[in-house]
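Protein chains: 2
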Amino acid sequence: MQDPLSNTFAALADPTRRAILARLALGVSSVTELARPFEISMPAVSKHLKVLERAGLVVRGREAQWRPCRLQAAPLKDAAGWLENYRRFWSIHLDALERHLDRMDQVNPKEAQAAPRHRRHLSKRGQR
Amino acid sequence: MQDPLSNTFAALADPTRRAILARLALGVSSVTELARPFEISMPAVSKHLKVLERAGLVVRGREAQWRPCRLQAAPLKDAAGWLENYRRFWSIHLDALERHLDRMDQVNPKEAQAAPRHRRHLSKRGQR
DNA sequence: CCTATCCTGAACCAGTTGGTTATATAACCA
DNA sequence: TGGTTATATAACCAACTGGTTCAGGATAGG
């Protein structure tokens, strides 16, 4: 997992870590304060923070005994940018197209059997 | 990893799987066709597809020997929706605010020592 | 039938993850 | 100094990941 984008997505793939980020969206917080809502031990939270730090999503300062954690959203921007390439695939318009094609498959099975169906499936439709 | 959002982010946290999705964005594809660009074995690709399928990002049909894979973008929509909550944190405006606050920390350390600094750090600033 | 093609499943392996408890480390406070 | 608070590190564990190889199961096609 070397590339930054993979690190970011991996860091987000845990509900505890996403909750920590949500808390940090409200402002800087200490580690114990971040740990409070969860039933896990402090070292577990420390590990989660290390994952978030490695992904560049959290920066930790130094304040006497406290290590104030701050959200750093730049990697989220990259993740959102990657997802943006797929926005057209979840637009209402395309969903309707998907349903239309699926309905055609169910309605015309005989015609599909007569034709070289797998060619159509793997090539022709592959180009839409 | 039970919740769908975690499954989605975990599925995206691998460059091979993201490349598979990118290929599927061009259209339906068979497994061997998907495997071609990579140096890994077929079972490895099969496993990646299983991960993507479990995340709901891919649906596999049946076409003679072929298992045509199709992109299913709905989970990406949810992931993008989650990220959207953090958009304000990577806007230019807020980055400038961050830099401003950091500069204040560096410029006013004496005043900070006189005041109960950790309270300010952990509470007052936490409310912005 | 035989054979080639497409794909999956089983068994294995090393490395990572997410958690634990127990033990430091570091700074404040009296 | 000694005690309390905040956090990190170490050592361990079970489970998961991403890869492998080997052995299949379907299905098309000569």
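As you go down the protein sequences, you meet chains A and L in turn.
So the first sequence is numbered by the numbering used here: it starts at 55 and just counts up by one.
So the second sequence is numbered by the numbering used here: it starts at 55 and just counts up by one.
Cβ atoms here follow ideal geometry from the backbone N, Cα and C, with glycine treated the same way.
Item, Value
"Contact between the stretch 65–75 of chain A and the stretch 101–111 of chain A (3+ Cβ pairs under 8 Å)", "yes"
"Straight-line Cα distance separating residue 137(L) from residue 107(A)", "18 Å"
"Local conformation of residue 114(L) per DSSP, three classes", "strand"
"Contact set between residue 131(L) and chain A, taken where Cβ atoms lie within less than 7 Å", "144"
"Whole-angstrom distance between residue 143(L) and residue 77(L), CA atom to CA atom", "31 Å"
"Bounding residues of the alpha helix (DSSP H) (the contiguous stretch that carries residue 71(A))", "69–78"
"Reduced DSSP category for residue 121(L) - H, G, I as helix; E, B as strand; rest coil", "coil"
"Interface residues of the stretch 84–114 of chain A facing chain L [CB-CB below 9 Å]", "84, 87"
"Minimum Cβ-Cβ distance from residue 69(L) to chain A less than 7 Å", "yes"
"Proximal chain A residues relative to residue 128(L), where beta-carbon distance stays under 7 Å", "144"
"C-beta atoms of residue 140(L) and residue 130(A) nearer than 7 Å", "yes"
"Validate contact between the stretch 115–124 of chain L and the stretch 74–94 of chain L using beta carbons, cut 8 Å, 3 pairs", "yes"
"Residue 69(A) versus 89(L), 57(L), 97(L), residue with shortest Cα-Cα distance", "57(L)"
"Check: residue 111(A) C-beta below 6 Å from any heavy atom of the ligand HEM", "This structure simply doesn't include the ligand HEM, nor any ligand for that matter."
"Residue 95(A), DSSP secondary structure in three states", "coil"
"Contacts around residue 72(L), its chain only, beta-carbon distance under 8 Å, and the 5 residues preceding and following it disregarded", "66"
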